[in-house]
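Once you know that position 663 of the sequence shown is 1809 in our numbering, the rest is easy, because the numbers rise by one and skip nothing. We treat Cβ as the ideally placed atom computed from N, Cα and C, and that holds for glycine. Values in this document were obtained by computation on a predicted structure and should not be read as measured data.
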Amino acid sequence: MSVRPVMKQRLKSGSWWARWARWARWGRRSFFVACLLPRILSAQDRWTPELSIKVATVADVVPSPDGKLAAWTETRAVMDGEKSEMLMQVFLAQSDGTGRVQLTRGEKSSEAPAFSADGRYVIFASERDGRKNLYRVAVNGGEAERLSDWKGAMASFQLSPDGKWIAFAGREADPDEELAKREKRDFRVIDENPKNHSLWIIPFESDAKRPARGIASGPWHAGSIAWSPDSRRIAFGTHSSPAADALKSADIREVEIETGKTADIAASAAIEAQPSYSPDGRRLAFVRSANPPSVFSDNRIALFDRQTGQVRELPATFDGSPNIIAWSKDSTRVYFSEARRTRSGIHAMPVDGAPLPLLEPAAGVIGQNARMNASGAYLGFTKQSAAEPVEAFMMDVASARAVKVSDANPGPRPPLGETSVVRWKSKDGMEIEGLLTLPTGYAKGTKCPLILVIHGGPSGVFGETFIGAHGPYPTASFASKGYAVLRPNPRGSSAYGRAFRSANLNDWGGGDYRDLMSGIDSVITQGIADERRLAVMGWSYGGYMTNWVITQTSRFKAAAAGAGLSNLISMWGTNDVPTVLDDYFSGPSYEQIERYARLSPLRHAGNVTTPTLILHGEADVRVPTSQGYEMYSAIKRHGVPAQMVVYPRAPHGPREPKFVLDIMQRHLDWVEKYVR
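Here you go:
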């Protein structure tokens, strides 16, 4: 399940619950693996989960102040002996893609790169000394220098435009808390003593011994940070607490650096987030939801006029889900990213007009976390498509010329199954869209087994991302084994507008179920899918729909539900964002008990005849593990083949690469056993 706040998204999924995606011994080893990767790929003639887990993730592409350099992160799996982690490092290159170097190394991740105001250093965050702190490294190389000596929790940070200060959101270490852990007295009282983050600053030239100075704290949790152009003020986002269910309480505040005086900029019942000052200092842009907010709300870019104190909303965007990137240098436009159907791009919103496209790919996905340099002349972003892995790009805004600067996933690669956008009519005539991947080397007219994969959310969306990447569902590996894969965007998905996003209100398992079945029927009618060899699987809400599907039909030969909801009544009181269910079902479970019961797969579990694989993270608080146990027990009780696998330490989406690899392989093995 997912939450759809107006916060910056780390995931491509534009959803509420997911919309609410990281030269020591390893340094030498990672260099060795990177050099071998092209040979490994060329030596294999088909995709496998083992190959997909090696695909790197690229993010946080940042242009230097003069636009001559680009920094970004690359994340790779480390599975050596007792290690199972995703290791992130910072890379650097000229803006034309030459002179590419790995800037950070070691056995701990380095993240969130940013250039100093003079462009001489790259600043990043890392836990290389045991706790997260800020470091800088010269762009021409050398040892990293620690800038902070912070012993508590640290989140986002931003450098001041004048280059003198670094602001960050964080929480001081609590000696009593540490002592309680050692003495085994670390019990929690629910909803008491929230671990709120405050706002802090340190001088950029700090020698790691000067303490951070707190500049703003209160009965709120600080998040995103934006400096004013004159470096005298900071606008920052807050929530009532760090709890996931507090995301609807998002407001924007401003603090004066010298005096510490704090004022509310946007503090209504709507969600307000993503503050960004105009270069002339006259306005503050932010994203605001409808009032009151809900999972169906459209979000708009709004402008706070610093002279009049008035707020004005700008025209609506296509999906009502803009992510602010930056202002144009002349303060006349706000750049933002947004998904549109199976693609996403970057747009410009004039302060006195309608949105205009800036960068829209003919195919594929532009990453949602694009960055612009201080002059507004250069844009850094990631791009990928179904056939091409993610890489970092730099674009000259004036000429719209983009250049690939990274080479995180070099070829050659085994052949991929062809992926295309497909459309069909649902039972009620609504047009539904999805992605269909054909088996590798598919011969037209051949009927093949088909796997239906359902996204999370419900307001997630399947975009045209690289099918060879690692994740729960190894699309490229399925295709290499002769399976077609259908990934629909049924009603309730993001990227198709508010009406479509809200079309599943009080109707989970209704119209969305018919959308999915109509999609299967369409692929069968085209002569691609063999109706006798079908499988269904999904994660989170996709797991819910998988559970629902197998209680409504016996047409599938195999099913796999990952972190799937099964009992909506118990789900409401045990997950970390119950207000999301309030929105979808018009109230809490105790007020809508019959609706929650009727739409729970568990109530219909006696109908299941499909062999079912159930996967769950033991540390999942979004969809608690008990949801998996309830469905597993019911299926087993009726004598249907079932297997449940629980991953220790794993949250809602398992992150440890050994777990991710196991999940991919289990899905492949399960369909091979029951569908082939």
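query                                                                                                                                                       : result
Using only the alpha-carbon positions, how far apart do R1165 and A1788 sit?                                                                                : Note that R1165 has pLDDT 36, beneath the 50 cutoff, so the model's placement of it is unreliable and no number is given.
What does DSSP give as the partner residue(s) for Y1281 in the beta ladder?                                                                                 : F1270 and R1292
Cα separation between V1806 and G1617?                                                                                                                      : 7 Å
How many Å lie between I1371 and F1350 at the Cα?                                                                                                           : 16 Å
My output table needs one value for P1461: the three-state DSSP class, helix, strand or coil.                                                               : coil
Below 8 Å on the Cβ atoms is my contact criterion, and I expect R1452 with G1427 to pass it. Report the Cβ-Cβ distance as a whole number of Å.              : 7 Å
Let me check understanding here. Comparing Cα to Cα, which of L1814, G1665, M1518 and S1387 lies closest to A1625?                                          : L1814
In this structure, how does DSSP classify V1817 when only helix, strand and coil are distinguished?                                                         : helix
Tell me the rounded alpha-carbon separation between E1318 and I1199.                                                                                        : 37 Å
Using a 10 Å radius around the Cβ and a threshold of 16 neighbouring Cβ atoms, would you call Q1304 buried or exposed?                                      : buried
Which runs of the beta strand (DSSP E) fall wholly inside the segment 1724–1769 and span at least 3 residues, in chain order?                               : 1758–1763
Compare the Cα-Cα distances from I1470 to each of L1502, N1515, R1489 and G1628 and report the closest residue.                                             : N1515
Look at the alpha carbon of E1228 and the alpha carbon of D1444, and state the distance between them as a whole number of angstroms.                        : 46 Å
Just curious, the beta strand (DSSP E) that Q1123 is in, first and last residue?                                                                            : Here the chain has residues from 1147 to 1822 only, and residue 1123 is not among them.
Can you check which of these residues, G1785, R1783 and D1808, is closest to P1794 by C-alpha distance?                                                     : D1808
So, under 8 Å CB-CB, A1494 and Y1481 are touching, yes? Tell me the CB distance rounded to an integer number of Å.                                          : 6 Å
Bridge partners of I1578, per DSSP?                                                                                                                         : W1570
Could you check the C-alpha separation between V1201 and E1338 for me, to the nearest Å?                                                                    : 42 Å
Note down the Cα distance separating T1405 from R1399, rounded to an integer number of angstroms.                                                           : 15 Å
Closer than 8 Å by C-beta to A1589: which residues in its own chain qualify, once you throw out the five before and the five after it? Chain order, please. : none
With a 10 Å radius around its C-beta and 16 neighbouring C-beta atoms as the bar for buried, classify N1693 as buried or exposed.                           : buried
Would you mind stating whether T1756 and K1703 have Cβ atoms separated by less than 8 Å?                                                                    : yes
With three or more beta-carbon pairs closer than 8 Å as the criterion, would you say the segment 1593–1609 touches the segment 1627–1636?                   : yes
Please confirm whether V1695 and V1682 have their CB atoms less than 8 Å apart.                                                                             : yes
Report back the beta-carbon spacing between R1647 and F1442 to the nearest angstrom; my notes put them in contact at under 8 Å.                             : 6 Å
Flag this pair as yes or no: are the beta carbons of T1140 and P1770 separated by less than 8 Å?                                                            : With the chain represented from 1147 up to 1822, any question about residue 1140 goes unanswered, as that position is not in the structure.
Which residue wins for smallest C-alpha separation from V1285, given the options S1272, P1503, D1264 and G1298?                                             : D1264
In chain order, what residues of the same chain lie with their CB nearer than 7 Å to the CB of P1439, ignoring the 5 residues before and after it?          : K1394, A1416 and I1417
Within 10 angstroms of the Cβ of H1784, are there 16 or more other Cβ atoms? Answer buried if so, exposed if not.                                           : exposed
How about the segment 1238–1254 and the segment 1267–1282: do they share at least three Cβ pairs that are nearer than 8 Å?                                  : yes
Please state if the CB of A1709 and the CB of G1689 are separated by a distance shorter than 8 Å.                                                           : yes
Do you know whose CA, among S1302, F1270 and W1296, lies nearest E1289's CA?                                                                                : F1270
For G1708, list the residues DSSP reports as bridge partners.                                                                                               : W1685 and L1761
Do you know how far the Cα of I1403 is from the Cα of I1380?                                                                                                : 7 Å
Return the CA-CA distance between W1346 and A1412, expressed in angstroms with no decimal places.                                                           : 21 Å
With 16 as the cutoff for other CB atoms within 10 Å, does Y1736 come out buried or exposed?                                                                : exposed
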